[in-house]
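Asks:
Residue numbers (this note's numbering), protein chains in the order written: chain L, 1 to 264; chain A, 1001 to 1272.
Shown next, in the form of structure tokens:
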């Protein structure tokens, strides 16, 4: 659905520089910037998920039972919201900087993550506009009514799944090149869009050149469903990140000259 | 500096660990364990942050520190159990790589300090509503030294030193949350930290590996660290007349940052 847009982000946006690389490709080839943003994205989990779960646990009646919900919510939610803003910002940079069209958009786990993000958002709206209407009636109750507890459980479950699926993106078990064209997952990930069109083929060649030493589509787990163990920390994005003392081979992604006009 | 440096005799054991029971039977479960490890970290992190912020006079201020600690005690333990349980599995399955990883060394050292801070010091201080006992003081001092050692290794180790960025930015974020006099400066500092990362790359080129960028990163870390320590110290010094309370606040900040360093060390295992 959004393949063309993400392809534009990946291949064309900011392509006016001397080396002909888009901003996304430059970010992909940067030494540490992607790592810093992705690392922050992961670490912000402690501030975001960790605090929202405390609110969820209160809604479920299993923590802070003696504290009115509104009191807990008013104190914790600002922290959660700040962290959420940071997660979204760093998440967008992370997405933009690592092949949004070819690595993320057609990834089964990424799509599942997005689905549960949407469900979590719907749950927030449901809670805010429906469940919270009569908050005064259950605010101080140690065990809130069922619909409050259900909303809390949905929230907690969704964020747990968002984290788990987000982590699984690093694995290649269900990347398009490993799926049968007739399978549900192939359709679910819109893999046919990834491999069709002359323009795409041209881009795929470009990507191969950019990642000649590390192909994200061939990294990660192994053949079994949950992968060969030690590949985990060797998530594609991580492996692709060069170290300080050993810059990668002179692929087009690593020019040493200043490339003006990239700032946007 | 890594575990291979300190325990060279363990090389054979480490090499064979992944092929030995129980790890040889659960290799396929590496990924889910790794993902659940993050879930545990988030839960534990949330508990640590709320407890420490309470000691810092922020967050759940309508409850006493003891009440906050009592309500979060179970979840502290659940989070720690998940993190350690899954960590042992993924560590065992990836032992050979971790044995020579500087980042893993930092993570383990930082985690030791974090565990002492959380379960040996902060929770006891919270139970006593902010009073620092002599035992807490001694344990806090030990944990602080361990944490500083971990940060020292983190900041000088080749390839992973940029990861200290996470600890520094988290420090500014914590100051933003609890600071009363320096909140806005902390907010600006936080933005400047991220801003200079982007600015440096925009000036030198997003795909640049220039020495200037490396130097800019070092300068940012040093300056950012000095300013952070100064602001946090000033905020704590001005916060309360009670010396005990000030120590509790200092320990609370260190506790949060030690967990952040633990997580950052873990993340940079993959980047290095």
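Backbone N, C-alpha and C fix where the C-beta goes; we use that ideal spot for every residue, glycine too.
Taking 8 Å as the cut-off, does the segment 76-92 of chain L touch the segment 44-57 of chain L (at least 3 CB pairs, one atom from each stretch)?
Replies: yes
Asks: Below 8 Å, how does it come out for the segment 1141-1148 of chain A and the segment 1020-1036 of chain A: are there three or more Cβ pairs, yes or no?
Replies: no
Asks: Against chain A, with Cβ distances strictly below 7 Å, would residue 275 of chain L count as a contact?
Replies: Because chain L spans 1 through 264 in this model, residue 275 of chain L falls outside it and cannot be assessed.
Asks: Kindly indicate which three-state DSSP category residue 1008 of chain A falls into: helix, strand or coil?
Replies: Reading the second chain from its first residue, position 8 is the one you call residue 1008 of chain A. Residue 1008 of chain A: helix per DSSP, three-state reduction.
Asks: Answer with yes or no whether the minimum CB distance from residue 1271 of chain A to chain L is below 7 Å.
Replies: Your numbering for residue 1271 of chain A matches position 271 in the second chain. Closer than 7 Å to some Cβ of chain L, the Cβ of residue 1271 of chain A qualifies, so yes.
Asks: How many Å lie between residue 140 of chain L and residue 1074 of chain A at the Cα?
Replies: Residue 140 of chain L sits at position 140 when you count from the first residue of the first chain. Residue 1074 of chain A sits at position 74 when you count from the first residue of the second chain. Looking at the two C-alpha atoms, the distance is approximately 21 Å.
Asks: If we ignore side chains and look at the alpha-carbon of each, how far apart do residue 1067 of chain A and residue 66 of chain L end up?
Replies: Reading the second chain from its first residue, position 67 is the one you call residue 1067 of chain A. Reading the first chain from its first residue, position 66 is the one you call residue 66 of chain L. Using only the alpha carbons, I get a separation of about 10 Å.
Asks: Taking any Cβ of chain L, which residues in the segment 1038-1065 of chain A have a Cβ under 8 Å from it, in chain order?
Replies: 1038, 1039, 1041, 1042, 1043, 1044, 1045, 1046, 1047, 1048, 1049, 1050, 1053, 1059, 1060, 1061, 1062, 1063
Asks: Taking 7 Å as the CB-CB cut-off, is residue 73 of chain L touching chain A?
Replies: Reading the first chain from its first residue, position 73 is the one you call residue 73 of chain L. No, no contact with chain A.
Asks: If we cut at 7 Å on Cβ distances, does residue 1215 of chain A have a partner in chain L?
Replies: The residue you call residue 1215 of chain A lines up with position 215 of the second chain. With 7 Å as the cut-off, residue 1215 of chain A does not count as an interface residue toward chain L.
Asks: Can you list the residues of chain L that residue 1186 of chain A reaches, using a CB-CB cut of under 7 Å?
Replies: The residue you call residue 1186 of chain A lines up with position 186 of the second chain. Within chain L, no C-beta atom comes less than 7 Å from the C-beta of residue 1186 of chain A; the nearest is roughly 12 Å away.
Asks: How many Å lie between residue 228 of chain L and residue 1051 of chain A at the Cα?
Replies: Residue mapping note: residue 228 of chain L aligns to position 228 of the first chain, counting from 1. Residue mapping note: residue 1051 of chain A aligns to position 51 of the second chain, counting from 1. Confidence at residue 228 of chain L is low in this model, with a pLDDT of 43, below 50, so the placement of that residue is unreliable and no value is reported for it.
Asks: Give a yes or no on whether 7 Å exceeds the smallest Cβ distance from residue 1209 of chain A to chain L.
Replies: To locate residue 1209 of chain A, count along the second chain from 1; it is residue 209. Yes - at least one Cβ of chain L is within 7 Å of the one on residue 1209 of chain A.
Asks: From this set, A/1017, A/1090, A/1193, A/1047, which residue's C-alpha is nearest residue 1123 of chain A's C-alpha?
Replies: For the purposes of this step, residue 1123 of chain A is taken as the residue at position 123 of the second chain. Measuring from the Cα of residue 1123 of chain A, the nearest candidate turns out to be A/1047.
Asks: Against chain A, with Cβ distances strictly below 7 Å, would residue 16 of chain L count as a contact?
Replies: As a working mapping, residue 16 of chain L is identified with position 16 in the first chain. Output row for residue 16 of chain L: interface = no.
Asks: Label residue 20 of chain L either buried or exposed according to how many other C-beta atoms from any shown protein chain fall within 10 Å of its C-beta, with 16 as the threshold for buried.
Replies: As a first step, residue 20 of chain L is located in the first chain; it is residue number 20 there, counting from the start. Per the 10 Å Cβ criterion, exposed.
Asks: Between residue 1186 of chain A and residue 1175 of chain A, is the Cβ-Cβ spacing less than 7 Å?
Replies: Start at 1 with the first residue of the second chain, and residue 1186 of chain A comes out as number 186. Start at 1 with the first residue of the second chain, and residue 1175 of chain A comes out as number 175. Contact: yes.
Asks: What is the DSSP secondary structure of residue 51 of chain L, reduced to helix, strand or coil?
Replies: Indexing the first chain from 1 puts residue 51 of chain L at position 51. In the structure shown, residue 51 of chain L sits in a helix (DSSP, three-state: H, G or I).
Asks: Would you be able to state if there are at least three C-beta pairs under 8 Å between the segment 1069-1083 of chain A and the segment 1116-1131 of chain A?
Replies: yes
Asks: Please state whether DSSP places residue 1249 of chain A in a helix, a strand or coil.
Replies: As a position in the second chain, residue 1249 of chain A is number 249, starting the count at 1. Taken through DSSP and simplified to helix, strand or coil, residue 1249 of chain A comes out as helix.
Asks: Could you tell me if residue 1158 of chain A is buried or exposed, where buried requires 16 or more neighbouring beta carbons within 10 angstroms of its beta carbon?
Replies: Locating residue 1158 of chain A in the second chain gives position 158, counting from the first residue. Residue 1158 of chain A should be labelled exposed.
Asks: Check residue 1212 of chain A in the structure and name its three-state DSSP category.
Replies: By 1-based counting over the second chain, the position of residue 1212 of chain A is 212. Reduced to three states, the DSSP call for residue 1212 of chain A is helix.
Asks: Relative to the C-alpha of residue 132 of chain L, which candidate in L/17, L/73, L/22, L/25 has its C-alpha closest?
Replies: Here residue 132 of chain L corresponds to residue number 132 of the first chain, with the count starting at 1. The candidate whose alpha carbon is nearest that of residue 132 of chain L is L/73.
Asks: With a threshold of 7 Å between beta-carbons, can residue 1015 of chain A be considered close to chain L, or not?
Replies: Reading the second chain from its first residue, position 15 is the one you call residue 1015 of chain A. No, because no Cβ of chain L sits closer than 7 Å to the Cβ of residue 1015 of chain A.
Asks: For residue 1237 of chain A, which residues from the same chain have a beta carbon less than 8 Å from its beta carbon, with the 5 sequence-adjacent residues on both sides left out?
Replies: Here the question's residue 1237 of chain A lines up with position 237 in the second chain. Within the same chain, residue 1237 of chain A has close Cβ partners 1246.
Asks: May I ask you to verify whether the segment 1253-1268 of chain A touches the segment 1163-1179 of chain A, counting CB pairs closer than 8 Å and requiring at least 3?
Replies: yes
Asks: With a threshold of 7 Å on Cβ separation, who are the neighbours of residue 1259 of chain A within its own chain once the five nearest residues in sequence on each side are excluded?
Replies: The residue given as residue 1259 of chain A occupies position 259 in the second chain. The answer, listed in chain order, is 1045, 1048, 1114.
Asks: With a threshold of 7 Å between beta-carbons, can residue 1005 of chain A be considered close to chain L, or not?
Replies: The sequence position of residue 1005 of chain A within the second chain is 5, counting from 1. It does not; no Cβ of chain L falls within 7 Å.
Asks: Considering residue 1275 of chain A, what are the terminal residues of the alpha helix (DSSP H) in which it resides?
Replies: The structure shown does not extend to residue 1275 of chain A, since chain A is modelled only from 1001 through 1272, so no value can be given for it.
Asks: Give me the Cα-Cα distance between residue 134 of chain L and residue 144 of chain L, rounded to the nearest whole angstrom.
Replies: The residue given as residue 134 of chain L occupies position 134 in the first chain. The residue given as residue 144 of chain L occupies position 144 in the first chain. One C-alpha to the other measures close to 11 Å.
Asks: Just verifying my parser: in three-state terms, what is the DSSP assignment at residue 1020 of chain A?
Replies: Counting from one through the second chain, the residue named residue 1020 of chain A turns up at place 20. In the structure shown, residue 1020 of chain A adopts coil according to DSSP, grouped into three states.
Asks: Got a sec: which bits of the segment 163-179 of chain L sit with their beta carbon under 7 Å from any beta carbon on chain A, in order along the chain?
Replies: Answer set for the segment 163-179 of chain L: 163, 164, 167, 168, 171.
Asks: Indicate whether at least one CB of chain A lies closer than 7 Å to the CB of residue 35 of chain L.
Replies: As a working note, residue 35 of chain L is residue 35 in the first chain. At least one chain A Cβ lies under 7 Å of residue 35 of chain L.
Asks: Is there at least one Cβ from chain L nearer than 7 Å to residue 1025 of chain A's Cβ?
Replies: Translated into positions along the second chain, residue 1025 of chain A becomes position 25. Judged by the 7 Å Cβ criterion, residue 1025 of chain A is not in contact with chain L.
Asks: Given that residue 1197 of chain A touches chain L, what residues does it touch there, using C-beta distances under 9 Å?
Replies: Sequence index remark: in the second chain, residue 1197 of chain A carries index 197 (1-based). Going along chain L in sequence order, the residues near residue 1197 of chain A (Cβ under 9 Å) are 32, 33, 36, 37.
Asks: Taking residue 1058 of chain A and residue 1168 of chain A to be in contact with their CB atoms under 8 Å, please state how far apart those CB atoms are, rounded to whole angstroms.
Replies: Mapped onto the second chain, residue 1058 of chain A falls at position 58. Mapped onto the second chain, residue 1168 of chain A falls at position 168. 19 Å between Cβ atoms; not a contact.
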